[in-house]
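Heads up, the thing below is written out as structure tokens.
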Amino acid sequence: MSPKIEKLHERLRELHQRTRETPMFNPVFQLGLEFSRDLESGETDLRALDGLVSALECEGMQARAHKLHRMLEPIATDANLASFDPREGETFADYAARFGTPLMHVVFTAHPTFLLTPAQANAVTEAASKGDVDGDQVCTAPHERVQITLDSEHDAAMRAIERAQGARDRVVRHMFETARDRWPEDWRTLKPVPLRLATWVGYDMDGRTDIGWNTSIRYRLQEKAERLAGYAGMLSAAAPDIAGKLAAAADHTSRMAVLFGKDMSDPAALSHAANSLTADDDAKITTLEPIIAGLEGRAQDADDDTATTLLTTVAAMRADGLGMGHIHFRVNASQLKNAIRRRVDPQNRLDLSSQAALSAIRTAIEELTPLQSNFAALGIEASTAIRQFLAMQQILTHIDADAPIRMLIAECEQPQTVLAALYFARLFGVEDKVDVSPLFETEAALEHGGRFLDALLAEEVFQKYARRRGRIAIQTGFSDAGRFVGQIPASLAIERLQGRLAEAMDANGLNEVAALIFNTHGEGMGRGAHPASMKDRLEWPLSPWARRRFVRRAIRLEPEVSFQGGDGYMWFGTPELALATLARMADNPPNTADPDVPTDMFYRRTDLSLDFYRAIRRVQHNHLISRTYSRAITAFGLGLLNDTGSRRSRRQSDLSADREMSLRQIRAIPHNAILQQLGYPVNIIAGFGTAADANREEIANLLSESERGQQLLRLVRSSDALASIKTVAAFGELFNSAYWASRPYRGTEAHLTDACLDLAEMLTKDDRTGVFRRLASRLRVDALHFHRLLEAMPGAKEEWGMPLSDREHKRRTIGVLQAIRLALLQHMFLRAVQMPAFSRSNDISREDVLEMVFTLRIEDALAQMRRAFPVTFPSIDDFDVDAPSEYPDGGDGGYRAIHRDYIEPIEQAYALVLRIGTAIANEFGAHG
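As structure tokens, this is what we get:
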């Protein structure tokens, strides 16, 4: 830590002491005012603040590397390979069974969490791999952001998958070598699949209009070509003839991918691409089954080292098929409903949620005749949902006939929607290769999900389908659920839903079918990523209690989890980290549980825990429906956040709409990210203390005696350790008319008097100061209840310890960052209000532009300012005119001064605001 930052830490500590004298004193805002005075007086400037922000950014990068290393250590290769060794006394059959099905399915998604630039992400993962988490090397990567596109997201996902594959190959080779020594007669029959990989990048069309069907086909072909080339490389020495065949197939597939990258709205281009792909060709491979059989046959007679290479390659082929991993398509339930209505209710007379509709869909499934289609049918199909099934048919027929495909259904709340998906899967002949998976994440889905599963699994047509596929797949969403009901209630509700699935499968005699549970959570605490340890992280989305519900009913579990966007890919950012991630999964296998463990106190004392859950949920619900909370969260729109993905989170709307922005218009990731930036993760902490207040002693004892209760508490304490209610309140003071009117009162900043008075006048009727104060008051009351709960816990101070070893340092660092940002925001407000008046254009006035600045729509505001004060325009010297002219006489040269004094400082200050946002997110450990 530099001496200057250390001095600022000390200053903030001194200011905190003053809260003892007057509880309303705000040390964060006061430090921000001190920065602001220095900035406006010229004692410091934006360049100096840039240097300070850079030093604090460095600490944030080191914090990210430290967390990654802490969660995954040990990083050493030998130690991590040992996690896959046979247990003492374990038989070959037991060892083969333990790794014969995946410990985990891992899905790489393109959620917008590409907070760090590629160079920064590489620096963090390299530092975590080497254990050099406190070195300056992690800070040398440039912070300038690069454009994020769907192609760049897909490439990043492929590189993460490639490293995951490499780690899995090392594990599998180690398993064969170990088994070879332990069981020399049996080891060649081992068929390990420790990990299965998948992605939905380029296949998820829920809420996206920029992904065409040919995008998905092109990506699938690119992935196939890359994987075939990888297999060829693995076999180059052990089976050069087969390697040559695979390499030729890779070349053929690459050529097909290029064709599908052309404009498919051109019938000629589509026809040429389709005919080229579907034509017979000696180099074309659509199944690996004969190749796998041939390699296994060779392995039986080969020497040990050659056999190990052959069998390691076979294991990779079994896991991935003809692609970098399996793929997940995703549609919205409404898209499926629109599509099925055309088939079963063309007159639009049925309520699709009714029993009559259910019966109609059931009958339609039984009576339909499967249809063959081609790429032309795909090219002209208007329905998004049907287009997905047509694309799946083409992939399974012409690209990869082996690997199953997932069909995820967002906002699925009725069995009719799942049966509609089964209808189209059967209609297009892909029913045997497609796993239809409803997503549970909304309030209604979590509330009624148990009854949904009871009804769905009782359907005979669904039972037949599940038995053919050998699994029932569901998806749970911790991000949106955490946004709607709070992360603690969400995790408990999802846990209960998972238990209901086990009961429904058992009740309908589906015990021989596997339960594939895809738990989608992000990297932030508010989106379901437990930060305390890898054990907590793996147990949070699928708890030991939920696992035991399946194990005790002899139902095989197939757990699946997402690693979302750039933040998620960092777990696989280097070969060493990828291996360590797999090893931690093996140390804490999510696919099993001890059925004989006594029931946790949290589940036995439901008289306490259920009321506790309901009370937390009630507090969270009250926040969600409160205009105070909504107005505070949307006070700056999304202007505190960087663009972190190809799908933009920023809404396009008018100013009046921005003033009344609803929380439901903001997705889960930016919602959580805004809470981080405002300084208080409401959807994690709020309600925990209040819910315990009526029965504090008993709740304290319950949490301390229950492993699940301790886990809940670790999450809340980790979040609370970084939270600051004073920071929440400080943001409201930016809109305090009295503050601006009083700031020049003593004459110390006379040069700001007019600007401050203009701001005071404009903000006289602004509601944001009151909104932030009310929210801070509500949070403070709840926080006091929380700390009283901690005090009531047995041995809280001695046994529970600090949630973060460097808690105070992190809090001070975040406080300094927030103070600098408050000064920068004030600088932007002052510069904007000091700008000369300009005329209304396109119905946008100067007052509208100032409101854009207040809500941090800076790009829009700057565009209006540049329109009003242009510095580039036609020159008289551009014309060859004989007559002389003394005009223009340089009278509008002052526009350059306006740019220098107002527009450029606002732009520079906002760039620093966004960099501070990145640094704060790094201290929290993730974006959103």
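FYI, in our numbering the residues of the sequence shown are 245 to 1172.
The beta-carbon is built from N, C-alpha and C at its ideal position, and this holds for glycine as well.
Spatial neighbours of residue i within its chain, please: CB distance less than 7 Å, with the 5 preceding and 5 following residues excluded, ordered by chain position.
i               : result
arginine 895    : Model confidence at arginine 895 stands at a pLDDT of 42, short of 50, so the residue's coordinates are unreliable; what they give is reported in the following sentence. So the qualifying residues of the chain are Gln909.
arginine 1090   : Ala1081, Phe1082
threonine 1099  : Phe880, Gly881, Gly883, Asp902
glycine 569     : Ile405, Leu441, Ala442, Thr443
asparagine 1016 : Here residue 1016 turns out to be phenylalanine, not asparagine, going by the sequence shown. Contacts found: Ala876, Val972, Ala973, Phe975, Gly976.
alanine 501     : Arg462, Leu465, Gln466, Ala469
alanine 543     : Arg432, Ala551, Leu554, Leu555
Is it right to say residue i is buried, meaning 16 or more other beta carbons lie within 10 angstroms of its own, or is it exposed?
i               : result
leucine 554     : buried
valine 390      : exposed
glycine 768     : buried
lysine 1009     : exposed
glycine 295     : exposed
glutamate 303   : buried
threonine 825   : buried
lysine 489      : buried
histidine 1031  : exposed
serine 963      : buried
aspartate 380   : exposed
lysine 970      : buried
tyrosine 1131   : exposed
histidine 867   : buried
valine 1060     : buried
aspartate 595   : exposed
valine 558      : buried
asparagine 1166 : buried
lysine 708      : exposed
isoleucine 1120 : exposed
glutamine 1070  : buried
alanine 859     : buried
glutamate 675   : buried
Measuring alpha carbon to alpha carbon, tell me which residue in the options is nearest residue i.
i                 : options                          : result
leucine 566       : Gln544, Ile639, Asp524           : Ile639
leucine 472       : Ile535, Leu615, Ile918           : Ile535
serine 412        : Leu312, Ile799, Ala493, Glu820   : Here residue 412 is arginine; the residue named in the question, serine, does not match the sequence. The candidate whose alpha carbon is nearest that of arginine 412 is Glu820.
isoleucine 209    : Asn927, Ala985, Asp831, Ser723   : What is shown of the chain runs 245 to 1172, which leaves residue 209 out entirely.
phenylalanine 668 : Ala699, Arg727, Ala734, Arg585   : Arg585
threonine 459     : Leu256, Asp322, Leu514, His1053  : Leu514
aspartate 1209    : Met508, Ala523, Ala482, Leu596   : Residue 1209 cannot be examined here, being either before or after the span of the chain that is shown, 245 to 1172.
phenylalanine 846 : Ser598, Leu946, Val382           : Leu946
alanine 551       : Arg432, Phe1123, His1143, Pro362 : Arg432
arginine 281      : Arg1084, Gly673, Leu347, Pro988  : Pro988
glycine 342       : Leu823, Asn832, Ala537           : Contrary to the premise, residue 342 reads as arginine rather than glycine in this sequence. For arginine 342, the nearest C-alpha among the options comes from Asn832.
Here's a check: name, in chain order, each residue in its chain whose Cβ is nearer than 8 Å to the Cβ of residue i, leaving out the five neighbours to either side.
i             : result
aspartate 898 : Because the pLDDT of aspartate 898 is 44, which lies under 50, any placement of that residue in the model is unreliable, and the number read from its coordinates should be weighed accordingly. Here the set comprises nothing.
alanine 491   : Leu472, Ala473, Ala476
aspartate 425 : none
arginine 711  : Leu754, Glu756, Val757
glycine 410   : Pro819, Ala822
Round the Cβ separation of residue i and residue j to the nearest angstrom and send it over; I've been treating them as touching at under 8 Å.
i              : j                 : result
proline 682    : valine 662        : 6 Å
glycine 721    : threonine 764     : 5 Å
threonine 628  : valine 416        : Not a contact, Cβ separation roughly 39 Å.
threonine 531  : aspartate 646     : 5 Å
alanine 758    : arginine 715      : 4 Å
aspartate 448  : leucine 394       : That pair is no contact at about 10 Å.
arginine 792   : proline 834       : That pair is no contact at about 13 Å.
alanine 837    : phenylalanine 328 : The Cβ separation is near 20 Å, so there is no contact.
asparagine 582 : alanine 654       : No, asparagine 582 and alanine 654 are not in contact; Cβ-Cβ is about 14 Å, not under 8 Å.
CB-CB under 6 Å to residue i, same chain, minus the five flanking residues each way: which ones, in chain order?
i                 : result
glutamate 1042    : Note that glutamate 1042 has pLDDT 49, beneath the 50 cutoff, so the model's placement of it is unreliable and no number is given.
leucine 701       : Ala748, Asn752
methionine 1079   : Tyr1146
phenylalanine 336 : Trp427, Asp430
alanine 936       : Ile943, Leu1033
tyrosine 339      : Pro330
Which ranges would you report for the alpha helix (DSSP H) in the region 917 to 996 if only whole runs of at least 4 residues count? 926 to 929, 932 to 936, 940 to 949, 951 to 964, 969 to 977, 981 to 986
Restricting to runs no shorter than 4 residues, where is the alpha helix (DSSP H) found entirely within the region 1003 to 1044? 1012 to 1036
Scan the region 761 to 814 and note each continuous alpha helix (DSSP H) run of 4 residues or more that stays entirely inside, going in chain order. Here the runs fully enclosed are 778 to 783, 788 to 795, 809 to 813.
Please go through the region 427 to 460 and give each complete alpha helix (DSSP H) segment of 4 or more residues, from N-terminal end onward. none
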